[in-house]
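A short write-up of the structure that comes next.
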Amino acid sequence: MPLHIYFATSNPHKAVEIRNALQKYGVDVKHIELELTEIQADELEKVAEFKAKEAYRLVGHPVMVEDAGLFIHALKGFPGVYSSYVYRTIGNEGVLKLMEGVENRAAKFKAVIALALSQDDVRIFTGECHGMIAEKQRGKEGFGFDPIFIPEGHDRTFAEDYEYKNQVSHRKRATQSFINFIKEEGKHLLE
Numbered sequence: 001m002p003l004h005i006y007f008a009t010s011n012p013h014k015a016v017e018i019r020n021a022l023q024k025y026g027v028d029v030k031h032i033e034l035e036l037t038e039i040q041a042d043e044l045e046k047v048a049e050f051k052a053k054e055a056y057r058l059v060g061h062p063v064m065v066e067d068a069g070l071f072i073h074a075l076k077g078f079p080g081v082y083s084s085y086v087y088r089t090i091g092n093e094g095v096l097k098l099m100e101g102v103e104n105r106a107a108k109f110k111a112v113i114a115l116a117l118s119q120d121d122v123r124i125f126t127g128e129c130h131g132m133i134a135e136k137q138r139g140k141e142g143f144g145f146d147p148i149f150i151p152e153g154h155d156r157t158f159a160e161d162y163e164y165k166n167q168v169s170h171r172k173r174a175t176q177s178f179i180n181f182i183k184e185e186g187k188h189l190l191e
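Take the sequence shown: its position 101, counting from 1, is numbered 101 in my numbering, and each next residue is one higher.
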């Protein structure tokens with residue numbers, strides 16, 4: 001019998017990635033489309049925890065949320081926790097413009113999954129993928145900053161090799177941490 005978990009997000013792309021990553025472990029992800037409050041904080045963990053508590057209050061069942069950001073070394077970690085806003089306002093073109101003439105193109109994606117088991121019990125799972133910012137947008141797959149991010153050890157962007165992204169991404173790594181928790185101690189908490 002599969003384990004069921006609610007996943008609250010307004011981003012259908014994230015829902016598909018999380019569902020695909022978890023289904024092979026016998027976890028059935030029920031996507032709930034919620035517009036959750038985006039608090040101002042300097043850590044993704046705090047943003048995700050707040051969203052998870054809000055989602056739990058609205059859903060009334062254990063629920064997970066995910067928040068992610070692109071952190072560019074030369075821009076002192078920008079856009080970081082503001083990635084969603086930056087993508088909506090200046091997009092990939094704007095980020096590439098900020099990177100014009102910059103030699104150090106090192107960056108990382110970070111994902112944080114927050115699982116609210118109750119209003120007061122939130123578990124945090126993180127994953128990172130290091131890489132660099134491309135010189136120009138490349139590829140049509142994926143979403144968000146995928147066309148400008150090249151993962152370490154690879155020469156194609158996430159948007160050029162979406163299958164590879166699903167194997168090594170920040171979201172995949174955070175999901176693996178979540179799976180390890182379920183295997184070790186969390187399964188009974190969700191039944």
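The beta carbon of each residue, even a glycine, is placed where N, CA and C say it ideally should be.
- Between the beta-carbon of E17 and that of N166 there is about 7 angstroms, and that keeps the pair under the 8 angstroms contact cut.
- With contacts defined as CB atoms closer than 8 angstroms, K53 and A8 fail to qualify as a contacting pair.
- Relative to the Cα of G127, the nearest Cα in the group V112, K51, Y87 and E152 belongs to V112.
- Across the structure, D121 and E135 are spaced so that their CA atoms are roughly 43 angstroms apart.
- The beta carbons of Y162 and G142 sit closer together than 8 angstroms.
- Within the segment 114-185, the complete beta strand (DSSP E) segments at least 3 residues long are 122-133 and 149-151, listed from N- to C-terminus.
- The Cβ atoms of R171 and I133 do not sit closer than 8 angstroms to each other.
- Here V102 has A74 as same chain residues with Cβ atoms under 6 angstroms from its own Cβ, once five neighbours each way along the sequence are excluded.
- Judged by DSSP in its simplified three-state form, H13 adopts helix.
- Excluding five sequence positions before and after F158, the CB atoms of its chain that fall closer than 6 angstroms to its own CB belong to G142, D146, F149 and K165, given in chain order.
- Excluding sequence positions up to five before and after V63, its CB lies within less than 8 angstroms of the CB of I5, Y6, F7, A8, I32, A52, A55, Y56, L115 and A116, all in the same chain and listed in chain order.
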